[in-house]
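Novice: Input: one structure, supplied below.
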Amino acid sequence: MEKRQRQTDTVRGRGPDDDTPMGADNNPKRESPFKSKFGEPKPKAQDSFTDTGSRIMKHSGGNFNYSYNGQTAFNGTAHIIGAAELGNNTNDYGQLPAVLAAVKRDVGTDPI
Numbered sequence: 802m803e804k805r806q807r808q809t810d811t812v813r814g815r816g817p818d819d820d821t822p823m824g825a826d827n828n829p830k831r832e833s834p835f836k837s838k839f840g841e842p843k844p845k846a847q848d849s850f851t852d853t854g855s856r857i858m859k860h861s862g863g864n865f866n867y868s869y870n871g872q873t874a875f876n877g878t879a880h881i882i883g884a885a886e887l888g889n890n891t892n893d894y895g896q897l898p899a900v901l902a903a904v905k906r907d908v909g910t911d912p913i
């Protein structure tokens, strides 16, 4: 979990030296602007020991389970699946370009 948290912190533009910010007098400030240290997961963070690639996702009915998020592209006329992608992002934001690239890779034509 620590490795994934370090990656998340790095993607968000945070580094290991950001835990002790410097003041105007070039001395370290007492308090960090962050709630946790770099790479330190939240106290209630959970991880699946049986399937480390899955993530906790909300399902219909309000319950949470370890899951994957699947995307498919298909031809509505011919009823043929052009591509299928599986990811562990909890939402679909940003998934369309990957699916369109998979269609081009698998089918050999640009879907747009």
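Heads up: the sequence shown begins at 802 in the numbering used here, then just goes up one per residue. All residues carry an ideal CB built from backbone N, CA and C; glycine is no exception. All values reported here derive from a predicted model rather than from experimental measurement.
Along the beta strand (DSSP E) that carries residue 906, what are the first and last residues, could you check?
Specialist: Looking at the DSSP string, residue 906 is not in any beta strand (DSSP E); the run it does join, the alpha helix (DSSP H), is 897 to 908.
Novice: Tell me where the beta strand (DSSP E) around residue 867 begins and ends.
Specialist: Taken as a continuous stretch (DSSP letters only), the beta strand (DSSP E) holding residue 867 covers 865 to 868.
Novice: Pick helix, strand or coil for residue 813, following the three-state DSSP scheme.
Specialist: In the structure shown, residue 813 sits in coil (DSSP, three-state: anything other than H, G, I, E or B).
Novice: Out of curiosity, what's the CA-to-CA distance linking residue 856 and residue 806?
Specialist: C-alpha separation (whole angstroms): 13 angstroms.
Novice: Flag this pair as touching only if the stretch 880 to 887 and the stretch 896 to 913 have three or more C-beta atom pairs under 8 angstroms; answer yes or no.
Specialist: At 8 angstroms Cβ cutoff, the stretches touch.
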